[in-house]
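By the count of our numbering, the sequence shown reaches residue 509 at its end, each step adding exactly one.
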Amino acid sequence: MVYIVALLSVIFLGLAALVVSRIATVVKNASGPAEEGRIGLSNKINGAMFMIFFVVGLIGAVWSFLYARQYFLPEASSPHGRRTDFLFWLSMAIITVAFVVTNALLFIFSWLYQHKEGRKAAYYPENHKLELIWTVIPAIVMAVMVFTGWRAWRDIMAEAPTDAQVFEIVGKQFNWIVRYPGVDNNKLGSYNYKLIDNNNETGIDYTDEASFDDFVSTSELHIPVGKPVLLKIRARDVLHSVFIPHLRVKMDAVPGMPTRFWFVADKTTDEMRNITGDQNFGYEIACTEVCGQGHFSMRIRLIVEDEASWQAWCKQQKPLLSSTPELAVRIPANLKAKAAKYLPADAAAAPADSVTASIKQGGGVSVARATIR
Numbered sequence: 137m138v139y140i141v142a143l144l145s146v147i148f149l150g151l152a153a154l155v156v157s158r159i160a161t162v163v164k165n166a167s168g169p170a171e172e173g174r175i176g177l178s179n180k181i182n183g184a185m186f187m188i189f190f191v192v193g194l195i196g197a198v199w200s201f202l203y204a205r206q207y208f209l210p211e212a213s214s215p216h217g218r219r220t221d222f223l224f225w226l227s228m229a230i231i232t233v234a235f236v237v238t239n240a241l242l243f244i245f246s247w248l249y250q251h252k253e254g255r256k257a258a259y260y261p262e263n264h265k266l267e268l269i270w271t272v273i274p275a276i277v278m279a280v281m282v283f284t285g286w287r288a289w290r291d292i293m294a295e296a297p298t299d300a301q302v303f304e305i306v307g308k309q310f311n312w313i314v315r316y317p318g319v320d321n322n323k324l325g326s327y328n329y330k331l332i333d334n335n336n337e338t339g340i341d342y343t344d345e346a347s348f349d350d351f352v353s354t355s356e357l358h359i360p361v362g363k364p365v366l367l368k369i370r371a372r373d374v375l376h377s378v379f380i381p382h383l384r385v386k387m388d389a390v391p392g393m394p395t396r397f398w399f400v401a402d403k404t405t406d407e408m409r410n411i412t413g414d415q416n417f418g419y420e421i422a423c424t425e426v427c428g429q430g431h432f433s434m435r436i437r438l439i440v441e442d443e444a445s446w447q448a449w450c451k452q453q454k455p456l457l458s459s460t461p462e463l464a465v466r467i468p469a470n471l472k473a474k475a476a477k478y479l480p481a482d483a484a485a486a487p488a489d490s491v492t493a494s495i496k497q498g499g500g501v502s503v504a505r506a507t508i509r
């Protein structure tokens, strides 16, 4: 790194010396008449350098693009991702063509119309036709780009289909917590940030019976292939950002302001391993908002699988209420019977008052007693 900095410093000093030298020459020539031959030679050198810079720069840009292609992401694994990629490359193509054409004219004109002895510049004050062309054509191109981009954004951010599989993902320093809706007709229970503690990291509200079969994971998110997926996104502390690069999914997780994103993953993890030729390939959910010292480690695996495999995996998971029966103290008395099947036998049979007392003795939350009453 030290050698690179030293090399760049030398190049910078050399360029600075060249600029100072050229400025000194211009000042000297401006103080009196210059020799015609010297002006012609200087213009030829500058014109040739313009052309060399343009050609070398163009070759370098093409080489850089071709070399970097090996690091590009593979084709998006979602329909909206492929649409987004198409619009991106279309925009890049239009911008690149405009850039190359305008700079080619700039450099070529500098060569063709350099100073020559005996030639005078023509006075060309206006050309309404030319001005109309270079105003209308870019305006039409820009309007088309804006309109197609707006349509894509409108479709991507539209309401999720009614049959979308719902998940919740919550960001906190420094990991993601995924909540699944269990088997109750794809419905997540309510939540309340005031209920967040070490046993209930997402603040699940057990006064809502839809919460009884919800389960959580901090290591992976399983989703079915070919089915709309709705991610409900929250943050517990600071700004985070959900990013699934291979699906082109990105949405900020903002404290106090729930967001969402829906998509369809149409390539399973196994299919992507065959497509990429990498048997260790795996989708991942990362955070793209710098959220603290542990930001680099904030990611979990995403497994895209067929419907049957996904259903089988979900059935193997235990609701949070089953693995953490202490949360039973937050269930209202009128819902105790419905929650019983999700609780261990001893917890389901324990009277509410005794459970409350044991929780208080162990330093439990003070709101538990009021909830059970």
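Where is the CB? At the ideal position from N, CA and C, for every residue including glycine.
- How would you call Leu177, buried or exposed, if buried means at least 16 neighbouring beta carbons within 10 angstroms? Walking along the sequence shown from the start, residue 177 turns up at place 41. Looking at its Cβ environment, which holds fewer than 16 other Cβ atoms inside 10 Å, Leu177 is exposed.
- Please work out which residues of its chain come closer than 6 Å, Cβ to Cβ, to Thr343, disregarding the five sequence neighbours upstream and downstream, and give them in chain order. Within the sequence shown, residue 343 is the residue found at index 207, counting from 1. Same-chain partners within the cutoff: Pro468.
- Task: Identify, in the order they occur along the chain, each residue of the same chain with its Cβ nearer than 6 Å to the Cβ of Ala422, setting aside the five sequence neighbours on each side.
- Result: Indexing the sequence shown from 1 puts residue 422 at position 286. Same-chain partners within the cutoff: Phe379 and Arg435.
- Terminal residues of the beta strand (DSSP E) in which Lys308 lies: Sequence index remark: in the sequence shown, residue 308 carries index 172 (1-based). Unbroken beta strand (DSSP E) run through Lys308: Gln301 to Lys308.
- Message: Judging by CA-CA distance, which residue of Trp446, Ile439 and Arg219 is the nearest neighbour of Val319?
- Response: The residue labelled residue 319 in the question sits at position 183 within the sequence shown. Measuring from the Cα of Val319, the nearest candidate turns out to be Trp446.
- Residue environment, Gln452, which counts as buried when at least 16 other CB atoms sit within 10 Å: Taking the first residue of the sequence shown as 1, we reach residue 452 at position 316. Gln452 is exposed by the Cβ-count criterion.
- Query: According to DSSP, what are the bridge partners of Cys423?
  - Reply: Residue numbering aside, residue 423 sits at position 287 when the sequence shown is read from its first letter. DSSP lists Val378 as partners of Cys423.
- Boundaries (first-last residue) of the alpha helix (DSSP H) holding Glu443: Residue numbering aside, residue 443 sits at position 307 when the sequence shown is read from its first letter. Element bounds for Glu443: Glu443 to Gln452.
- Query: Helix, strand or coil: how does DSSP classify Pro487 here?
  - Reply: Against the sequence shown, residue 487 aligns to sequence position 351. In this prediction, Pro487 has a pLDDT of 49, which is less than 50 and means its spatial position is unreliable; what the coordinates show is noted afterwards. Coil.
- Please confirm whether Phe397 and His216 have their CB atoms less than 7 Å apart. Indexing the sequence shown from 1 puts residue 397 at position 261. Indexing the sequence shown from 1 puts residue 216 at position 80. Taking 7 Å as the Cβ cut-off, Phe397 and His216 do not qualify as a contacting pair.
- Item | Inter-residue spacing [alpha-carbon to alpha-carbon] between Cys427 and Asn239 | By 1-based counting over the sequence shown, the position of residue 427 is 291. By 1-based counting over the sequence shown, the position of residue 239 is 103. Approximately 41 Å, taken between the alpha carbons.
- Query: Hey, quick one: how far does the beta strand (DSSP E) through Ala240 stretch, first residue to last?
  - Reply: As a position in the sequence shown, residue 240 is number 104, starting the count at 1. Segment Pro215 to Leu248 is the alpha helix (DSSP H) holding Ala240; no beta strand (DSSP E) there.
- Query: So, helix, strand or coil for Tyr327, using DSSP?
  - Reply: Here residue 327 corresponds to residue number 191 of the sequence shown, with the count starting at 1. In the structure shown, the three-state DSSP call for Tyr327 is strand.
- Roughly how many angstroms separate the alpha carbons of Val141 and Pro317, rounded to a whole number? Numbered from its first residue, the sequence shown carries residue 141 at position 5. Numbered from its first residue, the sequence shown carries residue 317 at position 181. If you take the alpha carbons of Val141 and Pro317, they lie about 54 Å apart.
- Anticipated Cβ contact below 8 Å, Phe310 with Ser214, distance rounded: Taking the sequence shown and counting its residues from 1, one reaches residue 310 at position 174. Taking the sequence shown and counting its residues from 1, one reaches residue 214 at position 78. Not really, about 27 Å apart at Cβ, beyond 8 Å.
- Query: Buried or exposed: which applies to His376, given that a residue is buried once 16 or more other Cβ atoms fall within 10 Å of its Cβ?
  - Reply: As a working mapping, residue 376 is identified with position 240 in the sequence shown. Answer is buried; the Cβ neighbour count reaches 16.
- May I ask you to list the residues that DSSP assigns as paired with Ser355? What you label residue 355 is simply residue 219 of the sequence shown in a count that begins at 1. DSSP output for Ser355 lists no bridge partner at all.
- Message: Output needed for Thr82: all residues of its chain with C-beta closer than 7 Å, excluding positions within five of it in sequence on either side, in chain order.
- Response: Residue 82 cannot be examined here, being either before or after the span of the chain that is shown, 137 to 509.
- Under the rule that 16 or more other beta-carbon atoms within 10 Å means buried, what is Ser157, buried or exposed? As a first step, residue 157 is located in the sequence shown; it is residue number 21 there, counting from the start. When all chains shown are included, Ser157 counts as exposed.
- Message: Helix, strand or coil, according to DSSP, for Asp388 in the structure here?
- Response: If you number the sequence shown from 1, residue 388 lands on position 252. Looking at Asp388 - three-state DSSP - the assignment turns out to be strand.
- Query: Contact between the stretch 180-199 and the stretch 354-370: three or more CB pairs below 8 Å?
  - Reply: no
- Contact the stretch 246-260 vs the stretch 290-299: 3+ CB pairs below 8 Å: No, they do not touch.
- Message: Does Gln206 pass the burial test, meaning 16 or more other C-beta atoms within 10 Å, or should it be called exposed?
- Response: Residue numbering aside, residue 206 sits at position 70 when the sequence shown is read from its first letter. So Gln206 ends up on the exposed side.
- Item | Host alpha helix (DSSP H) of Leu268 (start-end) | One-based indexing of the sequence shown puts residue 268 at position 132. Leu268 -> alpha helix (DSSP H) spans His264 to Ile292.
- Query: Does the stretch 450-466 come within contact of the stretch 336-355, defined as at least 3 CB pairs closer than 8 Å?
  - Reply: yes
- Using alpha carbons as the reference points, say which of Val237, Asn179 and Ala204 lies closest to Leu194. Looking up residue 194 in the sequence shown gives position 58. Among Val237, Asn179 and Ala204, the Cα nearest to that of Leu194 is on Val237.
- If you pair each beta-carbon of the stretch 216-227 with each one of the stretch 273-293, do three or more pairs fall below 8 Å? yes
- Continuous alpha helix (DSSP H) stretch holding Ala475: start and end: Along the sequence shown, one-based indexing puts residue 475 at 339. Segment Lys472 to Ala475, the alpha helix (DSSP H) holding Ala475.
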